[in-house]
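Written out below as structure tokens is the structure these notes cover.
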Amino acid sequence: MKKLFRLFLVLFLGLVPSVLMAQLTFTGEIRPRTEYRHGLKTLFNSSDDAAFATSQRTRLNLGYADEKFRVGLSVQDVRTWGDVKQLNLSDKNQLMLHEAWGEIIFNENFTLKVGRQELVYDDSRILGNVGWAQQARSHDLALLKFKTDEKGKFHVGFAVNNDAEFLSRQLYTTNYKSMQFAWYNRKSEKFDFSLLFMNVGQERDADPTDAVDRDTRYSQTFGTHMNYRPGKISFTGSLYAQSGKDASNTDLSAYMFNLGMKFPVAANWKGNIGIEMLSGTDDTELEDNNSFTPLFGTNHKFNGHMDYFYVGNHVGNVGLTDIYGGLNHSKGQWSFATAIHLFSTAADLYLGPEKQDKYLGTEVDLSVGYKYSKNVLIKAGYSHMFATDSMEALKGGDKDETQNWGWVMLVFKPNFLKK
């Protein structure tokens, strides 16, 4: 941790004299969040006690831009309050390198960005930075960015991952082995759309008895995301499909779609309604995988804040249909949001030989935010899950227990170079 911090400090001090010649940014974030968990991600059991803990993300961000290049560096520490002794001699929480990238500017329409970086595209459903998670997500890759004209963008990314440098090929299962994607976006005054194609390779032992027999299973994700704004009402839509092989070498054929609408309700009030469906695999299906996986998206943003689906869970499962709606209010320093989700399975769910009802339950989310100053935010939220027998069959736990979750978060975002 000390070595990484010293490197960060040396880089910062070395760049300070160049402020007059280029653009230098130095910002930070301190974000403690306290949570009460009594049914988060899965149904709570009556034999368990509720969890209550505070986690914290501390992040430093350094950016530098010149006429021919840009660089970005972001280091962070993520910890739970109390996980290190007060009189500690060594900190088990090491500083993490969240981002470290350099970007060559060939001209105003063509750049190359290489290194560890966040990937945030469209509504973050397939590619997002998972900002809610204290650790967040970033990728190691090379990214070519083209500006086709004033309204169009085209990005192409390439990644190949290894645990270390070796003299011969070694099995890799930490992340995806390789990934290539192409993204095109075009915007106009009332309508914009994106096209995405992604090829992801997961490496596994094709023959566990053969030490050199490696097999990379490739899956393809492709589709579109659209926004239409004819007036005060706006519409969004997404349609994606997946094919190829999953990590277990099973044939993959899956899809998802989302249709949503936002509309004004009253002064400073906006409403939204929509439906999202992610295909699933019937419990009786033994040969093919029909379960859509949103891969590297910011999934906490979708399907309820209690993270019952696609947040480290519900992968290769019976899928999901989410009918949702909500109200948002913003005025001055205050903001409020409410949302309701009606969850059902997309495929057939069984408990033993008995087929279950598809309706899983209803979740209600409430949140409030207060902007204390330009660089200080106070946020809080409460969520409640009203689960059914089918949710219990899917997740386990006890549906008759109170399933709720509450949180409070402070966000400090200092700008260290601001006078």
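According to mature numbering (1 follows the signal peptide of the UniProt record, and there is no 0), the sequence shown holds residues -22 to -1, 1 to 397 in order.
We treat Cβ as the ideally placed atom computed from N, Cα and C, and that holds for glycine.
Unbroken alpha helix (DSSP H) run spanning residue i, endpoints
| i | result |
| --- | --- |
| E370 | 367 to 373 |
Classification of residue i by the beta-carbon crowding that lies within 10 angstroms, buried from 16 upward
| i | result |
| --- | --- |
| L264 | exposed |
| N295 | buried |
| W383 | buried |
| V62 | exposed |
| T126 | exposed |
| V53 | buried |
| T259 | buried |
| V243 | exposed |
| A28 | exposed |
| Q180 | buried |
| K44 | A small correction: the amino acid at residue 44 is Asp; Lys does not occupy that position in the sequence shown. Exposed is the call here. |
| T151 | exposed |
| residue 418 | Outside the modelled stretch of the chain, which goes from -22 to 397, sits residue 418, for which no answer is possible. |
| I82 | exposed |
| G50 | buried |
| S351 | exposed |
| F88 | exposed |
| S226 | exposed |
| A365 | buried |
| T276 | buried |
| T199 | buried |
| F241 | exposed |
| G17 | buried |
| E332 | exposed |
| Y99 | buried |
Per DSSP, cross-strand counterpart(s) of residue i
| i | result |
| --- | --- |
| D55 | T36 |
| N393 | T5 |
| F22 | Its beta-bridge partners do not exist; DSSP assigns none. |
| G275 | Paired residues: none, contrary to the question. |
| S345 | A315, G359 |
| T12 | T32, V386 |
| Q381 | M363 |
Range covered by the beta strand (DSSP E) that runs through residue i
| i | result |
| --- | --- |
| I104 | Segment: none, I104 is in no beta strand (DSSP E) and carries neither H nor E. |
| K309 | 298 to 309 |
| S172 | 169 to 183 |
| R115 | It is not in any beta strand (DSSP E) - R115 carries neither H nor E in the DSSP assignment. |
| Y206 | 192 to 206 |
| S269 | From DSSP, S269 is part of no beta strand (DSSP E); its letter is neither H nor E. |
| Q220 | 212 to 223 |
| N250 | 247 to 256 |
| K63 | Premise fails: K63 is in no beta strand (DSSP E) and is neither H nor E. |
| N163 | 156 to 165 |
| G93 | 88 to 95 |
| D229 | 229 to 244 |
| M74 | 74 to 85 |
| G135 | 130 to 138 |
Sequence-distant residues of the same chain with beta carbon closer than 8 Å to residue i, five excluded per side
| i | result |
| --- | --- |
| H278 | V108, W110, A111, D285, V289 |
| F84 | L90 |
| V293 | S269, T271 |
| S257 | A232, Y233, M234, N268, S269, F270, G297, A324, A325 |
| R94 | L75, H76, E77, A78, W79, S116, H117, D118 |
| I318 | Y302, G303, G304, T340, E341, V342, D343 |
| N291 | K19, T20, D285 |
Other residues of its chain near residue i: CB distance less than 7 Å, five sequence neighbours each side excluded
| i | result |
| --- | --- |
| residue 418 | The requested residue 418 does not occur in the structure, where the chain is confined to residues -22 to 397. |
| residue 400 | Not covered by the structure: residue 400. The range shown for the chain is -22 to 397. |
| D26 | none |
| N246 | H307, S308, K309 |
Contact set for residue i: own chain, Cβ-Cβ below 6 Å, skip 5 residues either direction
| i | result |
| --- | --- |
| E13 | W385 |
| L173 | Y162, T202 |
| D55 | T36, N71, L73 |
| T316 | G304, L305, L344 |
| D183 | none |
| E96 | N107, S116 |
| I253 | L237, I301 |
| I8 | T36, F390 |
| M157 | A137, V178 |
| A160 | V134, F175 |
| D335 | S368 |
| N281 | F287, D300 |
| I211 | F241 |
| F4 | L40, F394, L395 |
| K357 | G347, M387 |
Test: residue i CB closer than 7 Å to a CB of chain D
| i | result |
| --- | --- |
| T20 | Note that chain D does not occur in the displayed structure, where there is just one protein chain. |
Stretch pair the stretch 306 to 315 + the stretch 130 to 146: three plus CB contacts closer than 8 Å: no
Contact between the stretch 368 to 380 and the stretch 5 to 22 (3+ Cβ pairs under 8 Å): yes
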